[in-house]
Amino acid sequence: MKALDKANLDKFVELLSEEFNVYSITDTDFSTDFDNNKALEILKPIKSAKEIVFPQTEPLFKFDLVGKEIVVNEKQNSTNLMLWIKPCDVRGINILKKVFEKDVKDVYFANKLNNTIFVGLACNNPSRNCFCTSVSITPYYKEGMDVFATSVNGAIIFEALTEKGKEVLEKVNSLLRDATKDEVEKAKEIHLQAENKVRRYNFNTSRLTWDSDVWRISEICLSCGICTYLCPTCHCFDIIDENYVYEGERIRIWDSCMYSEYTLQASGHNPRAYRLQRLRNRIMHKFVWFKEMFDEYACTGCGRCVSYCPVNISLIEILGGV
Numbered sequence: 003m004k005a006l007d008k009a010n011l012d013k014f015v016e017l018l019s020e021e022f023n024v025y026s027i028t029d030t031d032f033s034t035d036f037d038n039n040k041a042l043e044i045l046k047p048i049k050s051a052k053e054i055v056f057p058q059t060e061p062l063f064k065f066d067l068v069g070k071e072i073v074v075n076e077k078q079n080s081t082n083l084m085l086w087i088k089p090c091d092v093r094g095i096n097i098l099k100k101v102f103e104k105d106v107k108d109v110y111f112a113n114k115l116n117n118t119i120f121v122g123l124a125c126n127n128p129s130r131n132c133f134c135t136s137v138s139i140t141p142y143y144k145e146g147m148d149v150f151a152t153s154v155n156g157a158i159i160f161e162a163l164t165e166k167g168k169e170v171l172e173k174v175n176s177l178l179r180d181a182t183k184d185e186v187e188k189a190k191e192i193h194l195q196a197e198n199k200v201r202r203y204n205f206n207t208s209r210l211t212w213d214s215d216v217w218r219i220s221e222i223c224l225s226c227g228i229c230t231y232l233c234p235t236c237h238c239f240d241i242i243d244e245n246y247v248y249e250g251e252r253i254r255i256w257d258s259c260m261y262s263e264y265t266l267q268a269s270g271h272n273p274r275a276y277r278l279q280r281l282r283n284r285i286m287h288k289f290v291w292f293k294e295m296f297d298e299y300a301c302t303g304c305g306r307c308v309s310y311c312p313v314n315i316s317l318i319e320i321l322g323g324v
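Numbering (my numbering), first residue to last: 3 to 324.
This is the structure we're talking about:
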């Protein structure tokens, strides 16, 4: 394993920025405008990392009328490097990959994913609303990362997990040194301490039946959709075409199954017109139907939906966490 002294952090980011579009964690999201030292102390941003590979508003391609021909211009992707992405967020991207690459591959998602390098950071101090260990991951989950890092006192310990990761560390090798045995052991100790800090719940998904009384909690739901927009795994979208006489653009935008218009049909019929129906659909998709298809929950335990729901609807409470 390699180590970077935190005194060299600015130079580390500077070297990476010479070759990649570097996005780092901020209080609100992942941005190219960030504070290097503060980034290491942020638990997780309000918005998840999914926007890098599945943007909220994504121009898919442009089309121009040239004479009698329509010419399509595909957007080219540059290489992005995600710095300090947390385990729950990279797990979310792994789940999205199963959705967007099942049966027919979504080339727009796949291209962005293939052009993104993930440098992850272990969660040293999980929050009170984190419950990742209840959905089979940990604060030091590594799958899907290219490099995994742990903040240990005055240093950052790096572990390259893929060939891409090895290449990244090679580019900043002049700033790195070999991690000491004490630093490696301390990192392992931090991982275990963090795992023990996370509240572990015994979720009872058998209570998620079609006519369960648990859905009555929907009576206070505002249908604002914040739970779906902040969630690392929600992936509903709409497609719109913007036409400007001789040119146009096809755009993909996020949608939400919590909106009443989401299932509104041209006939005027809406199979999920009521909040209860929409909340039930969202939760059962994540914890019943997705589990049946992929043998895992469509939830990373990040706790954002619990933290930011304006009426304090708790997913943990719905699942009967005790």
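All C-beta atoms in this analysis are idealised placements derived from N, C-alpha and C, irrespective of residue type, glycine included.
*Where does Val313 sit, in a helix, a strand or coil, going by DSSP?*
In the structure shown, Val313 adopts coil according to DSSP, grouped into three states.
*Rank Phe205, Lys99, Ala162 and Leu281 by C-alpha distance to the C-alpha of Glu221 and give the top, closest one.*
It is Leu281.
*Enumerate in chain order the residues of its own chain whose CB-to-CB distance from Arg277 is below 7 Å, with the five nearest sequence positions on each side excluded.*
Listed in chain order, the non-local C-beta contacts of Arg277 below 7 Å within the same chain comprise Ser220, Cys223 and Ser225, local neighbours out to five positions each way being set aside.
*Can you grab the Cα-Cα spacing for the pair Glu169 / Phe22, in whole Å?*
If I take the Cα positions, the gap works out to 12 Å.
*Examine the Cβ distances between the segment 241-250 and the segment 94-107 and report whether three or more of them are shorter than 8 Å.*
No, they do not touch.
*Between which two residues does the alpha helix (DSSP H) containing Thr230 stretch?*
Counting along the chain, Thr230 sits inside the alpha helix (DSSP H) bounded by residues Ile228 to Leu232.
*Please say whether Gln195 and Asn283 have beta carbons closer to each other than 9 Å?*
No. Outside cutoff.
_Chain-order list of residues whose beta-carbon lies under 7 Å from that of Phe205 (same chain, five-residue window excluded)_ = Here Phe205 has Ser136, Leu321, Gly322 and Gly323 as same chain residues with Cβ atoms under 7 Å from its own Cβ, once five neighbours each way along the sequence are excluded.
*For the candidate residues Lys40, Tyr203 and Gly227, whose alpha-carbon lies nearest to that of Pro312?*
Considering only alpha carbons, the answer is Gly227.
*My understanding is that Phe111 touches Phe56, with C-beta atoms under 8 Å, so please give their C-beta distance in whole angstroms.*
Contact holds; Cβ gap of about 6 Å.
*Give the C-beta separation of Asn38 and Leu67 to the nearest angstrom, bearing in mind that I take them to be a contact with Cβ-Cβ under 8 Å.*
Between the beta-carbon of Asn38 and that of Leu67 there is about 47 Å, and that puts the pair past the 8 Å contact cut.
*Nearest to Met44 by CA position, among Ala162, Gly122 and Phe296, is which residue?*
Note that residue 44 is Ile in the sequence shown, not Met. For the set Ala162, Gly122 and Phe296, the Cα lying nearest the Cα of Ile44 is the one of Gly122.
*Does the separation of the CB atoms of Thr235 and Lys52 fall below 9 Å?*
Between Thr235 and Lys52, the gap from beta carbon to beta carbon is short of 9 Å.
*Just the C-alpha distance for Val216 and Thr28, rounded to the nearest angstrom, thanks.*
Computed Cα separation, rounded: 36 Å.
*Using 8 Å as the Cβ pair cut-off and three pairs as the minimum, do the segment 140-147 and the segment 85-100 touch?*
At 8 Å Cβ cutoff, the stretches touch.
*Rounded to whole angstroms, what's the CA-CA distance from Thr140 to Leu210? Just pull it up for me.*
Each residue's alpha carbon lies about 25 Å from the other.
*With DSSP as the reference, label Glu319 as helix, strand or coil.*
Helix, per DSSP.
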